[in-house]
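Number 175 in UniProt numbering belongs to position 175 of the sequence shown; there are no gaps in the numbering. C-beta atoms are modelled at their ideal positions from N, C-alpha and C, and glycine is treated no differently. It should be emphasised that the depicted structure is a prediction, and the values quoted were computed from it without experimental measurement.
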Amino acid sequence: MTSDSIELEELQFYKLLTSNFSDLYTKAQSTCSIIVIPQQLSYLFPLKRDIFESHVYRPSPMYVRKHVSWNDKYEIEFDNNRTIRFFYKKDGVGEKRIKVLSQEDVRDTIRKSAYSILIIEQPLIDITGIDTTINGSPSRQIIRPMKQTEHLFTQSTASYESSFMYLDSIRQIEPAFARLHKALFLFTEKYVLLPKFIEDAIDKLRQFRFDFLQESYQLLNKNYEDRNLELASEIYITGYTYTKFWPTIVQYNEDKDKILFKNIQTKYKRQRTESNNFEMNANQNFFNELKKLDDLKSSYEKAKCLNSAIHIMITQKSMILDSKKSSVAYHSPSKSTAMSADETLPAFMDLICQFILTSDTICSIHLAAHEYYIEKFRFISLPSDMDYDFTTYRGAIEYLTNSSSSFSFLNS
């Protein structure tokens, strides 16, 4: 069936969407990627908003090919030009393939957006939801209790994904979040990022966040700061633009990372002995934690990863200075003593050196780039323990990069 044989304006679902939920349709035109319209609709009772939100889709923040429904319950992706795959995100029963009867690609020059309207035969989900009498005629609509819609968000487990889920679940701030999403989309698509002007680009992100928070607080009728909203917006904004920024950040800090790598290779490696090899295995958990840094999208997540790495170092090891060796040795005796604040920095530097020596090439080392990213891409202060550990990390990177000595702390 071609698009000419189906008149969109004549379809009942489309009429209800544009008349009863015009606000949703207007928002969808600005930020959505796909609107799905069922051709057939045989239902005697008014359809709830949730039904229509299940047929409006935005680009997935986590997967390139997928699109997420407005109510965040379902996902779809194109199987081919005549079929889409439909997924249940939560408590679902797998997936199903749905035939596309017609497709219309819309390019809105006023809103500077583009989306596709897909016409299918039946609604994506079961919309009956009614009790029937013995003879099969509808008797009453099932009224289900409203569930808590606000997604759980905690600072201890905050991530890019949980930040998106949290912001997307607060219905009152939908207009503000839609505008933020559009601004970030246009930024990643059109902004030309140059290494020497990274901070100018960061200022734009700060302005996006400021505008979003101002509008959100007005919509929520709040005259005080909401820590969860403040943090989630930072993580979401920096996480959304991470893939655009990160290659440039690596390039900008390339020289510093090379110096760091070469300093340790030429100076520290000479001081190592074969008796120290056991330390590499003993500290593998610490190394594994640092390796996660490249995959974390926000400044907060990277700082939290460093906090976790240093926590591993402190809790699992006790630092014992062996005068017969040229470096700090680590053991795990049954009666270990707590590491003092003065010992944390040299211990951390020693592990950084070990970490770099276990890496084959500099291509896998971006420690200076991570330092720059965490410092520049945080818009609110870190919790005190994370800030202290980040300061320790910065101190280690600066010392190992700039010191022309043979790392005297290892011989003290």
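(message) Taking 8 Å as the limit between beta carbons, can you name the residues of its chain near S116, skipping five residues before and five after?
(response) Here residue 116 is taken as the residue at index 116 of the sequence shown, counted from 1. Once the five neighbours on either side are set aside, the close Cβ partners of S116 are S33, I34, I35, Q103, E104, D105 and V106.
(request) Please confirm if the region 201-208 is in contact with the region 251-260, defined as three or more CB-CB distances below 8 Å between the two stretches. (result) no
(request) Starting from E95, follow the alpha helix (DSSP H) in both directions and report where the run begins and ends. (result) Taking the first residue of the sequence shown as position 1, residue 95 is located at position 95. Segment E95 to D108 is the beta strand (DSSP E) holding E95; no alpha helix (DSSP H) there.
(request) For the region 173-208, list the alpha helix (DSSP H) runs that are entirely contained and at least 4 residues long, ordered along the chain. (result) 174-190
(request) Compute the distance between the beta-carbons of I173 and S113, then report whether it is under 8 Å. (result) For the purposes of this step, residue 173 is taken as the residue at position 173 of the sequence shown. For the purposes of this step, residue 113 is taken as the residue at position 113 of the sequence shown. Cβ atoms of I173 and S113: not closer than 8 Å.
(message) For T344 and Q354, I'd like the C-alpha separation in whole angstroms.
(response) The sequence position of residue 344 within the sequence shown is 344, counting from 1. The sequence position of residue 354 within the sequence shown is 354, counting from 1. Spanning the two alpha carbons is a distance of roughly 15 Å.
(message) Check this for me: beta carbons of E121 and K99, under 8 Å apart or not?
(response) Counting from 1 along the sequence shown, the entry for residue 121 is found at position 121. Counting from 1 along the sequence shown, the entry for residue 99 is found at position 99. Going by C-beta atoms, E121 is nearer than 8 Å to K99.
(message) Within a Cβ cutoff of 8 Å, which residues of the same chain sit near I37, ignoring the five residues on either side of it in sequence?
(response) Within the sequence shown, numbered from 1, the residue matching residue 37 stands at position 37. Excluding positions up to five away in sequence, the list reads L8, L11, F13, Y14, L17, H55, I117, L118, I119 and I120.
(message) Which of the three DSSP states is assigned to S33 in this structure?
(response) Locating residue 33 in the sequence shown gives position 33, counting from the first residue. Coil, per DSSP.
(message) Looking at the strands, I want to know which residues DSSP matches up with L118.
(response) The residue labelled residue 118 in the question sits at position 118 within the sequence shown. Its beta-bridge partners are V36 and Q103.
(request) Taking only the alpha-carbon atoms, compute the straight-line gap between L382 and E234 and give it to the nearest angstrom. (result) As a first step, residue 382 must be located in the sequence shown, where it is residue number 382. As a first step, residue 234 must be located in the sequence shown, where it is residue number 234. The alpha-carbon atoms of L382 and E234 are separated by roughly 12 Å.
(request) Leaving out five residues on either side along the sequence, give the residues of the same chain with a beta carbon under 8 Å from the beta carbon of D385. (result) Position 385 of the sequence shown holds residue 385. For D385, where only same-chain residues beyond five positions count, the Cβ hits under 8 Å are N307.
(request) Can you give me the Cβ contacts of F377 inside the same chain, cut-off strictly under 6 Å, excluding the 5 residues immediately before and after it? (result) Residue 377 sits at position 377 when you count from the first residue of the sequence shown. Cβ within range, chain order: T238 and S299.
(request) Could you spell out the range, first to last residue, of the beta strand (DSSP E) harbouring H67? (result) If you number the sequence shown from 1, residue 67 lands on position 67. Taken as a continuous stretch (DSSP letters only), the beta strand (DSSP E) holding H67 covers H67 to S69.
(message) Relative to the C-alpha of D294, which candidate in D257, N20, M349 and H366 has its C-alpha closest?
(response) Counting from one through the sequence shown, the residue named residue 294 turns up at place 294. D294 has its Cα closest to that of H366, out of D257, N20, M349 and H366.
(request) Ignore the nearest five residues each way along the sequence and tell me which others in T154's own chain have a CB closer than 7 Å to its CB. (result) Here residue 154 corresponds to residue number 154 of the sequence shown, with the count starting at 1. So no residue of the chain qualifies.
(request) Give the straight-line distance between the Cα atoms of L351 and T358, rounded to the nearest whole angstrom. (result) Mapped onto the sequence shown, residue 351 falls at position 351. Mapped onto the sequence shown, residue 358 falls at position 358. Taking the straight line joining both Cα atoms gives about 11 Å.
(message) Checking 8 Å against the spacing of the C-beta atoms, do I314 and N285 come in under that value?
(response) Looking up residue 314 in the sequence shown gives position 314. Looking up residue 285 in the sequence shown gives position 285. No.
(request) Classify R58 as helix, strand or coil using the three-state DSSP reduction. (result) Position 58 of the sequence shown, counted from the start, is the residue given in the question as residue 58. DSSP places R58 in strand when its eight states are reduced to three.
(message) Just verifying my parser: in three-state terms, what is the DSSP assignment at T315?
(response) As a first step, residue 315 is located in the sequence shown; it is residue number 315 there, counting from the start. In this structure, T315 counts as helix in the three-state DSSP scheme.
(request) Determine, using beta carbons only, whether L193 and T243 come nearer to each other than 8 Å. (result) Translated into positions along the sequence shown, residue 193 becomes position 193. Translated into positions along the sequence shown, residue 243 becomes position 243. Their beta carbons are not under 8 Å apart, which means L193 does not touch T243 by this criterion.
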